[in-house]
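Chains as they are written, first to last, in the UniProt record's numbering: chain A, 1 to 208; chain B, 1 to 208; chain C, 1 to 208.
By construction, the Cβ of each residue, glycine as well, lies at the ideal position given by its N, Cα and C atoms.
Since the structure is predicted, the reported quantities are computational estimates derived from the model, not experimental observations.
Read through the structure below, which is laid out as structure tokens, and then see the notes.
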Amino acid sequence: MSLIYVIDLLGTFAFALSGALVASDKKFDLFGVIIIAFVTAVGGGMLRDVLINAHPINWIGDLNYLWTILIAVIVTFLFKSKIAHLSKTMFLFDTIGISVFTLLGLEKGLAYNLHPIVALIMGMISAVFGGVLRDVLTNKIPLIFEKEIYASACLAGGISYLTLSYLGVTENIIFIISALVIVLIRIISVKFHLQLPKIKDDLFGKTS
Amino acid sequence: MSLIYVIDLLGTFAFALSGALVASDKKFDLFGVIIIAFVTAVGGGMLRDVLINAHPINWIGDLNYLWTILIAVIVTFLFKSKIAHLSKTMFLFDTIGISVFTLLGLEKGLAYNLHPIVALIMGMISAVFGGVLRDVLTNKIPLIFEKEIYASACLAGGISYLTLSYLGVTENIIFIISALVIVLIRIISVKFHLQLPKIKDDLFGKTS
Amino acid sequence: MSLIYVIDLLGTFAFALSGALVASDKKFDLFGVIIIAFVTAVGGGMLRDVLINAHPINWIGDLNYLWTILIAVIVTFLFKSKIAHLSKTMFLFDTIGISVFTLLGLEKGLAYNLHPIVALIMGMISAVFGGVLRDVLTNKIPLIFEKEIYASACLAGGISYLTLSYLGVTENIIFIISALVIVLIRIISVKFHLQLPKIKDDLFGKTS
Chain A
1 MSLIYVIDLL
11 GTFAFALSGA
21 LVASDKKFDL
31 FGVIIIAFVT
41 AVGGGMLRDV
51 LINAHPINWI
61 GDLNYLWTIL
71 IAVIVTFLFK
81 SKIAHLSKTM
91 FLFDTIGISV
101 FTLLGLEKGL
111 AYNLHPIVAL
121 IMGMISAVFG
131 GVLRDVLTNK
141 IPLIFEKEIY
151 ASACLAGGIS
161 YLTLSYLGVT
171 ENIIFIISAL
181 VIVLIRIISV
191 KFHLQLPKIK
201 DDLFGKTS
Chain B
1 MSLIYVIDLL
11 GTFAFALSGA
21 LVASDKKFDL
31 FGVIIIAFVT
41 AVGGGMLRDV
51 LINAHPINWI
61 GDLNYLWTIL
71 IAVIVTFLFK
81 SKIAHLSKTM
91 FLFDTIGISV
101 FTLLGLEKGL
111 AYNLHPIVAL
121 IMGMISAVFG
131 GVLRDVLTNK
141 IPLIFEKEIY
151 ASACLAGGIS
161 YLTLSYLGVT
171 ENIIFIISAL
181 VIVLIRIISV
191 KFHLQLPKIK
201 DDLFGKTS
Chain C
1 MSLIYVIDLL
11 GTFAFALSGA
21 LVASDKKFDL
31 FGVIIIAFVT
41 AVGGGMLRDV
51 LINAHPINWI
61 GDLNYLWTIL
71 IAVIVTFLFK
81 SKIAHLSKTM
91 FLFDTIGISV
101 FTLLGLEKGL
111 AYNLHPIVAL
121 IMGMISAVFG
131 GVLRDVLTNK
141 IPLIFEKEIY
151 ASACLAGGIS
161 YLTLSYLGVT
171 ENIIFIISAL
181 VIVLIRIISV
191 KFHLQLPKIK
201 DDLFGKTS
């Protein structure tokens, strides 16, 4: 659990960094950068906790999230041009982040006695809603709706978790395998430019 | 109640369909389409339940909403070009949907001992907020703020419900009459292009 | 407390007025104007109460907020062109509004036994989130992210409140001094065009 907590904070850090970078590209002031970093990092878990009535919600119950976000903003402020060149490291952090967010969100849902499908959705909300909120607040169409198998990777990892859990596998092993499922699917999909199908036209109609 | 439940799911279906159509027009991928359909269909009731502290909230407490939304997405995927030609049927579904959403939301508010005016607002939130959320997530100014007597129809139906209720009319009759009020006002307003006034200038000033 | 309640409603009125003006400039219909006025005025407190699980939330527990907002919309409808010329009065109302919203939000947070830092954030959410929501719903990048020491003034007032409180100063005096801190910082920053720094580039890198 202790290692997972560290990875949780590492994921928070990566998400906050990505939010801070987007906000500073948009020429937001320091306050705007902090807000977007905050929302990107804890927005998903915050929505999850409000929806399942889990109080105190994530960042209210544990101040370490706030400190992590502040450090990420300071790092962005000091080293922005360097970070921009670390896109692979950032991508790895971010990917580890979504995998941990998904699985911790799912576990929290199960701990609150939600139906496994609802818990799975809570895992996905934890992982992707922060990014959606970041995009809405910076007035962009959420990236996640348009490209990349981001949410699908979370979904696959969540299904892996539930399946292995049902099969009675030990919890630590479930966690590691499912996190790997998410990380690998995302890396492979980005490497090979895999995308989900779009509904340009229906199966029986003509091309529009 | 059983019939109303069926109509509730029918409204959910219509809302999900309208969300899925908007999202696929925007070239969102399958995941994006599901999210927008979901948000359009249950976003209003979800906000209502969070605001009045009614847990488990709508779609968490009853998985039938999720299944209904998934079916709507599959239908959109299979028959998109056909549905686009069924705009009158869609409009009818949607109109029945908002009338049922309004009245069920209002009833839930009353059941939670809210002031009738707050319950009325909860009915309207149930009916219109899903569409607002759909528009915000697809980066458009919410349609409802600019044209069509959509919310006004819900308001009139809600007032009808509260008035008839105050007069001691039987509950089933109240529901039917108030639903008809919403449906008729909306149909008439769309047919005759009725709109609410705008504040282009004030009553005493000159035209800007 | 009674005077503060009056100022709270005055702040609500100022926020509702500012929302109604923005919405009517965007040519929203009457319903849209009411929604934006509502969201601007009570959106911050609403989010705060949902996050800290304080039910009934602000406008549900006290209908005076709704009446105040309705009056503001009627005033906008009747006197829009006149109000547009009262920008200094509006600015003063708005500034008094954010100072009271910040301090009342902070106090509510403390009353709910939140960590002082979280209570401080709750004060800021109360003061600024209504405006953020107004901007998101009218499809603009929230003003607060781009210019003006708006949030910083709230932050300074909140820190003043906590510090004086820690030093054992009488509550009324704490409130007055901290409100003045917010009002003065905002007035001075607007007068002298003070802004927070932006992260155009990092401290060690070259200018991009």
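Rounded to the nearest angstrom, the Cβ distance from residue 17(A) to residue 72(A) is 5 Å, consistent with a contact under 8 Å.
With a cutoff of 8 Å on beta-carbon distance, residue 103(A) and residue 175(A) are scored as near each other.
Between residue 158(C) and residue 123(C) a beta carbon distance of about 5 Å is seen, short of the 8 Å cut, so the two are scored as contacting. For residue 79(C), the enclosing alpha helix (DSSP H) has its first and last residue at 64-84.
At a cut-off of 8 Å, the C-beta of residue 64(C) has no neighbouring C-beta in chain A. Annotation note: the segment 85-145 of chain C contains the following uninterrupted alpha helix (DSSP H) runs of length 4 or greater, listed N- to C-terminal: 87-111 and 116-137.
Against chain B, a Cβ distance below 7 Å from residue 58(C) picks out nothing, because the smallest value is about 10 Å. Nearest to residue 150(A) by alpha-carbon distance, out of 33(A), 96(A) and 119(A), is 96(A). Residue 93(B) is positioned such that its CB atom lies no closer than 8 Å to that of residue 127(B). Counting along the chain, the unbroken alpha helix (DSSP H) around residue 191(C) starts and ends at 171-191. Here residue 115(B) is near residue 63(C), since their CB atoms are less than 8 Å apart. Judged by DSSP secondary structure, residue 168(C) falls outside any alpha helix (DSSP H); it is assigned neither H nor E. For the 8 Å CB-CB criterion, residue 58(C) and residue 45(C) form a contact. With contacts defined as CB atoms closer than 8 Å, residue 90(C) and residue 14(C) qualify as a contacting pair. In terms of beta-carbon proximity, residue 114(A) lines the interface with chain B, with at least one pair separated by less than 8 Å. The beta carbons of residue 178(A) and residue 161(A) sit closer together than 8 Å. Residue 21(C) is a Cβ neighbour of residue 76(C), given a cutoff of 8 Å. Interface residue (Cβ-Cβ distance to chain B less than 8 Å): residue 140(A) is classified as such. Straight-line measurement puts the Cα of residue 129(B) at about 15 Å from the Cα of residue 153(B). The Cβ atoms of residue 187(A) and residue 98(A) do not sit closer than 8 Å to each other. Chain-order list of chain C residues neighbouring residue 55(A): 53, by C-beta distance under 7 Å. When the five nearest sequence neighbours on each side are left out, the beta carbons in the same chain lying within less than 8 Å of the beta carbon of residue 118(A) are those of 109, in order along the chain. Using a Cβ-Cβ cut-off of 8 Å, residue 129(A) is close to nothing in chain C; its nearest Cβ partner there is about 15 Å away.
At a cut-off of 8 Å, the C-beta of residue 42(B) has no neighbouring C-beta in chain A. With contacts defined as CB atoms closer than 8 Å, residue 23(C) and residue 32(C) qualify as a contacting pair.
In this structure residue 171(C) is exposed. Its beta-carbon is surrounded by fewer than 16 other beta-carbon atoms within 10 angstroms. Taking a contact as a CB-CB distance under 8 Å, the pair residue 125(A) and residue 47(A) counts as one, their CB atoms being some 6 Å apart. Residue 54(B) sits in coil when the DSSP states are folded into three classes, being neither helix nor strand. Residue 4(A) sits in a helix when the DSSP states are folded into three classes. Close to residue 23(B), with beta-carbon spacing below 8 Å, lies no residue of chain C; the smallest spacing is near 17 Å. Ranked by Cα distance from residue 9(A), the first of 66(A), 139(A) and 168(A) is 66(A). Counting only residues of its own chain and dropping the five nearest sequence neighbours on each side, residue 133(B) has a CB closer than 6 Å to the CB of 39 and 43. Among the CB atoms of chain B, none fall inside 8 Å of the CB of residue 39(C). Residue state for residue 149(B) is assigned as coil, using DSSP reduced to three classes.
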